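The listed protein sequences correspond, in order, to chains A, B, C and D. Using UniProt numbering, the first residue of the first sequence is number 1, and each one after it goes up by one. Using UniProt numbering, the first residue of the second sequence is number 1, and each one after it goes up by one. Using UniProt numbering, the first residue of the third sequence is number 1, and each one after it goes up by one. Using UniProt numbering, the first residue of the fourth sequence is number 1, and each one after it goes up by one. In this text, a Cβ means the ideal position worked out from N, Cα and C, and glycines have one as well. If you're wondering where the values come from, they're calculated on a predicted model, not measured in any experiment. Some notes on the structure that comes next.
There are 4 protein chains.
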Amino acid sequence: MLRAGIVGLGRMGMTHANNLAFNISGVKLVAACSIFENELDKAKENLFVEELYTSFEDMIDNANLDFVVIAAGADVRPKMVEYAVKNGVHTFAEKPLGLSVEEIEEVLSVIEENKNKTKFQVGFMRRFDEDYIYAKSVIENGLIGDVTYIRAYGIDPASGLDTFVKFAKNSNSGGIYHDMSIHDIDAIRWLTNKEFSKVWAFGANFARPELDEVGELETGIVQAILDNNIMVHLVAGRNSPHGYQVETEIMGTKGWLRIAPVPEKNLVTVYDSTGVRRECSASFPERFHKAFVEEIKSFVDCIINDKNTKVNAHDALIATKVSLKCKESLEKNEIVEI
Amino acid sequence: MLRAGIVGLGRMGMTHANNLAFNISGVKLVAACSIFENELDKAKENLFVEELYTSFEDMIDNANLDFVVIAAGADVRPKMVEYAVKNGVHTFAEKPLGLSVEEIEEVLSVIEENKNKTKFQVGFMRRFDEDYIYAKSVIENGLIGDVTYIRAYGIDPASGLDTFVKFAKNSNSGGIYHDMSIHDIDAIRWLTNKEFSKVWAFGANFARPELDEVGELETGIVQAILDNNIMVHLVAGRNSPHGYQVETEIMGTKGWLRIAPVPEKNLVTVYDSTGVRRECSASFPERFHKAFVEEIKSFVDCIINDKNTKVNAHDALIATKVSLKCKESLEKNEIVEI
Amino acid sequence: MLRAGIVGLGRMGMTHANNLAFNISGVKLVAACSIFENELDKAKENLFVEELYTSFEDMIDNANLDFVVIAAGADVRPKMVEYAVKNGVHTFAEKPLGLSVEEIEEVLSVIEENKNKTKFQVGFMRRFDEDYIYAKSVIENGLIGDVTYIRAYGIDPASGLDTFVKFAKNSNSGGIYHDMSIHDIDAIRWLTNKEFSKVWAFGANFARPELDEVGELETGIVQAILDNNIMVHLVAGRNSPHGYQVETEIMGTKGWLRIAPVPEKNLVTVYDSTGVRRECSASFPERFHKAFVEEIKSFVDCIINDKNTKVNAHDALIATKVSLKCKESLEKNEIVEI
Amino acid sequence: MLRAGIVGLGRMGMTHANNLAFNISGVKLVAACSIFENELDKAKENLFVEELYTSFEDMIDNANLDFVVIAAGADVRPKMVEYAVKNGVHTFAEKPLGLSVEEIEEVLSVIEENKNKTKFQVGFMRRFDEDYIYAKSVIENGLIGDVTYIRAYGIDPASGLDTFVKFAKNSNSGGIYHDMSIHDIDAIRWLTNKEFSKVWAFGANFARPELDEVGELETGIVQAILDNNIMVHLVAGRNSPHGYQVETEIMGTKGWLRIAPVPEKNLVTVYDSTGVRRECSASFPERFHKAFVEEIKSFVDCIINDKNTKVNAHDALIATKVSLKCKESLEKNEIVEI
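Listed below in structure tokens is the structure:
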């Protein structure tokens, strides 16, 4: 039984905490850390976590953890990763690993120094989603020929737009590309084994023009080219009317794949006065529920059987670099080389 | 230019009249007959029909027609067909040809006697719908193997239920099987080249229990067996929540076909707060718009090129026989042989 | 940690065994029983089961189990259930509970006598499938009005037809209704809270006429009426060309639901030379993977928190009664009251 | 009865000729012109055209036409339009109106000078397609809020790629944007009432690298911005594996529309060993069959009732300007202002 700890109990953290507590055989969630007392109360009551901490260092020093999941804010994440890794606690960290390339490079060097004693994995859960895995296997089996074009949408539901507008007035999301497209960027690198070579980004606010004032975007698009001329189109957004739209299309010379053109919530079709419809996944915890379990299962497997993790710090660094180049392109309004 | 006349200018008749006036090359709609003055006014104003009649015999005697389309009520239809046919005017008649088997047999004998001088076709438009034609060609090319099972839904939209309830208080629809399933019965005979051998029908009223009192059904089902043991399931109804549901499924030993499981109105998919949806055809004139044109085009082709029509009076007779056996089964609540 | 045992390690049993070993927190699969040595070897190697038995009584007597999952053949199932229940081991048994109504009634009386000390649940996993649960909640919230009609298909993939034909030459499946429709019968009772009142069953063999000789069916249909006149149509089959087709349609006075009209394997749509397609679930372990986990989780919850199980022996008895009435109707070729 | 003539009897021209001969009431196709004798033979035999010409001027001078449809090659089109228009024959011309902006501007001035006596319409048939018309009405009714983003694919089927490669070795298509995206550019202008303000185009050849040598593209993409910041993404291609993919997505602040995400050929769904699939439209004459009829019907209506045509020469000019800017961007590999 591996002893697990968690830090950060917001929506993302609670998703992981719940999985660690109930959905992963061979793991026991023994410790939780948060700066919010009510979050710790919930962890105790609902998840039966025994050791509660308000200091991350305290948890690492005292809880005798085999591994820790870091889902605290991106501002404190780099220091936490470094502390856990240096102290020999296997570390799973949410993306992004930091807000600047320099910060991530520093984290990366710490991870490198300790790679013999501590495993590290970053939370690009799409690589563990059965739909994306299926698509990758179809591509690798040559069934769609050579990949020529990829379109990736990552668009949060409109139901969260109000909350985002409030958040954006006081906080920095890192920009829509670093906050959202980063998953698409990683997925595309993983699906194609190619790197981004140039981007042109553009964005605008229609539903909430006040986002202009805080430098945030409701919708941002990118035209990108990969190093072998695969053409890429990204749309990141925060105002999807019907649910959580994470869609990826891959065109090949012999066939195309569309992953989740409709983010179907289940297998039920409804016939009613609106026509004939499918209900949709409303959020990332719903859409990627299984992938969040699978990424931790895979990490646990790497710990137990001493394997390399499937998403490493280098992947996190590259995805951040590309997303920040998109931001640069947006600001300069020109094509940027990577 | 063939000279065409029409009798009956209700919804069905107006659909034909409009096609005769505007959508069929080589035909001119020269005469219209109705007992309702306002319908004749519309025909004159909107369809530019020159000769207007309130008596069918008058029209046949005086309008010098090449052919007539009979869309008047089923009660007067048999006499009209006989009169037109005897007078050498090629005749296209809506289904059913009459309300009893005897009545239709009589009409049939008149049609037979005059078959050398007058063409006759009955309005089973599904045989001219591109989706049904496509399905038949797939079956005949052996692509789904041997047909084992057919399911056919013919369900009118809920938007017409109020109107039907009012109608049913004063009029006789002929029963749900004769009124609605008759199209499915004909389509199944045409798709399989097999005849019905036994049926068990059942029905009930849930949305409008008052239909019990007038002996009508909101929903009626039939389990039927064809003469080579193909299994058949029919659902006829008057309360479809989303539109006009005419759906036919054909299972074969190697593949299945579903014709219009969603009665898609067009190629547009809508993503909105209800989820992701297709809007639906709202009525038979919308769903079968093209088939109504094609059946008349085919009839005109038979007249001009002296061919046999593709749906004859015998087909009308058999479909009525089967639908009346369904009614008998419903009333006796037992399995009825045909 | 609950100590679990399993008997029967065929496809169904191995599905349960795997879940008990890896997918259910708070449970340890400690014992397995089979009459096939190679199955026990697999359980040891792949599932790390420590105690292996060839006698069921031995396992119950010695393995100190909290609960047992019975997935052995229907012929030995009744005796096993009785032995486990009498010995105070909570029991989860696959359906059907026996091959005759009398046999199941006997089992039922033993379960009743011991209900204070042992929990019992039967394996109608559809009640734990998220799609069926969603449909039930939509119905119970009144969103589709009153239920008027249900259509349920349970059709095994054609890929298994050869195997079935071989099996049928030497063994008795119990008939297609008892073997397959039983799940649909239970699901319909559960969705509607109504009982079956009459049935007419019919079946035929087209792909494999040799099944006639052994009294088995490739495709069997049923027209049934529930006690409040809800109309029901069942299709059971063994020759689905595209995958495992478990589809249920519920028509209400205000809306309809279709559960899995396409048994979509995942969220990927493929565009290739065949057109645009969805790949399909190929088998029951794939389609109901999550439901198989959830039904055991629910059973475990009932054990730990002393709750009533969600599917009891009475449900198993009724479903068997109805399915055997379908068989009787098929044999007599008449409508049978229940 | 309007007297119609046609010039050019290739695939596009024959589509129009057939419609003029058989599918449009009130029109008679009296004359056809082609430099290929065999095409004229076909027109005579199959379409019963009486007057056949090898010289366009001859036809205009002698056939006493009310209107002419110009479907001859883009190289000769400008001169033909000018000749017909100057001679008072109402003119319907295929797009593009010419291969350079200057050429089209010259044609435009001739059309302007004669606008009181001759009607002119250009063949942007999407404006007459029921799906596009439906989408426009949904947008204009405010049902999807403000338009924020449009994605448009215009991708020819792979079945035509060989033919195109041969063609491209000897001929100039005008480039993929002028040849194909021009329809999307016009549709977007029409749907939004906005103009293009900047573009970045990129393209590559994967299936047929030899297209590099003749300066043609298998797939070309464009990122464009409209004058109010609506974001636009275009994909033009010649290698669609499943059929003719003309798809347009419109995202608004309250809803999205997807026109033909699957270019469904009909309403039939096929269940077979490939999964569950829809067959697709294989070509533009199939996909836009009705739109080709409707655009001519609309043109005829403008002639008869002296109305302004719905697509004028100015629209043709603008669409060409934008598509040529895409070409310029592709060649310079930079963002180009319009």
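Below-8 Å beta-carbon distance, residue i vs any chain A residue
i	result
Thr54 (chain B)	no
Asp162 (chain D)	no
Gly237 (chain B)	no
Phe206 (chain D)	yes
Asp227 (chain C)	no
Under 8 Å between C-beta atoms of residue i and residue j
i	j	result
Gly98 (chain C)	Val110 (chain C)	no
Glu328 (chain C)	Ile335 (chain B)	no
Val49 (chain A)	Val68 (chain A)	no
Ile24 (chain D)	Lys297 (chain D)	yes
Ile230 (chain C)	Lys254 (chain C)	no
Ala17 (chain A)	Leu47 (chain A)	yes
Gly123 (chain C)	Ala74 (chain C)	no
Collapsed DSSP secondary structure at residue i in the structure displayed
i	result
Thr163 (chain D)	helix
Glu247 (chain C)	strand
Pro96 (chain A)	coil
Met1 (chain B)	coil
Asn46 (chain A)	helix
Ala84 (chain A)	helix
Ile338 (chain C)	coil
Pro157 (chain C)	strand
Ile24 (chain D)	coil
Ser197 (chain D)	strand
Thr91 (chain B)	strand
His289 (chain A)	helix
Gly237 (chain C)	strand
Leu9 (chain D)	coil
Ile221 (chain A)	strand
Leu204 (chain A)	The displayed chain sequence assigns Ala, not Leu, to residue 204 (chain A). In this structure, Ala204 (chain A) counts as strand in the three-state DSSP scheme.
Anticipated Cβ contact below 8 Å, residue i with residue j, distance rounded
i	j	result
Ala207 (chain C)	Asn228 (chain C)	No, Ala207 (chain C) and Asn228 (chain C) are not in contact; Cβ-Cβ is about 37 Å, not under 8 Å.
Ser202 (chain C)	Leu330 (chain C)	Here residue 202 (chain C) turns out to be Phe, not Ser, going by the sequence shown. The pair is a contact, with the Cβ atoms about 7 Å apart (cut-off 8 Å).
Val81 (chain C)	Thr91 (chain C)	6 Å
Ala291 (chain D)	Arg126 (chain D)	7 Å
Tyr53 (chain D)	Asp156 (chain D)	Not a contact, Cβ separation roughly 31 Å.
Thr192 (chain B)	Val138 (chain B)	Not a contact, Cβ separation roughly 13 Å.
Gln223 (chain D)	Gln223 (chain A)	4 Å
Asp131 (chain D)	Leu267 (chain B)	5 Å
Arg189 (chain B)	Glu249 (chain B)	No, Arg189 (chain B) and Glu249 (chain B) are not in contact; Cβ-Cβ is about 16 Å, not under 8 Å.
Cβ of residue i within 8 Å of any chain B Cβ
i	result
Phe22 (chain D)	yes
Gly255 (chain D)	yes
Val222 (chain A)	no
Arg258 (chain A)	no
Pro241 (chain A)	yes
Thr15 (chain C)	no
Chain D within 8 Å of residue i, Cβ atoms only
i	result
Gly267 (chain B)	First, the amino acid is wrong: residue 267 (chain B) is Leu here, not Gly. Yes, Leu267 (chain B) counts as interfacial toward chain D.
Within-8 Å CB hit, residue i to chain C
i	result
Val300 (chain A)	no
Check your understanding: Within the chosen definition, does the stretch 177-187 of chain A reach the stretch 225-243 of chain A through at least 3 CB pairs nearer than 8 Å?
Key -> yes
**Study point:** Contact the stretch 85-100 of chain D vs the stretch 36-52 of chain D: 3+ CB pairs below 8 Å
**Key:** no
Practice item. May I ask you to verify whether the stretch 276-295 of chain A touches the stretch 272-281 of chain C, counting CB pairs closer than 8 Å and requiring at least 3? Key: no
Check your understanding: Between the stretch 54-69 of chain B and the stretch 5-21 of chain B, do at least 3 Cβ pairs fall closer than 8 Å?
Key -> yes
Review point. Pairing CB atoms from the stretch 56-64 of chain C with CB atoms from the stretch 22-40 of chain C, are three or more of them under 8 Å?
Key: yes
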